[in-house]
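A short write-up of the structure that comes next.
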């Protein structure tokens, strides 16, 4: 995560490219590690974050870095399953 954050902060990696890489890996995942994901929203958020960086604004050291959230934590617009199918 530190390497990704540093690359984004240095302008060597865009949030959009990072998200595309992560989504590609998740879509190829055969173990089903991610139960629910709104890929369209993730891509949209990456575009917003990239625009902020281009304008010289950063939200902090993890700006543009993807973060997974366990399905026992409430996230607006996504179901909370707490591990149940």
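Numbering (this note's numbering), first residue to last: 639 to 723.
Glycine included, every Cβ here is placed at the ideal spot set by N, Cα and C.
Contact between residue 677 and residue 661 holds, since their C-beta atoms are separated by about 6 Å, short of 8 Å. By the Cβ test, the region 695 to 704 is in contact with the region 647 to 665, since at least three Cβ pairs between them sit closer than 8 Å. For residue 653, the uninterrupted alpha helix (DSSP H) run begins and ends at 653 to 666, by DSSP.
Taking C-beta atoms under 8 Å as the contact rule, residue 643 and residue 700 qualify, at a distance of about 6 Å.
In the three-state reduction of the DSSP assignment, residue 709 falls in the coil class, being assigned neither a helical nor a strand state. Rounded to the nearest angstrom, the gap between the Cα atoms of residue 652 and residue 679 is 17 Å. Excluding its 5 nearest sequence neighbours in each direction, residue 716 has C-beta neighbours in its own chain below 6 Å: 674, listed in chain order.
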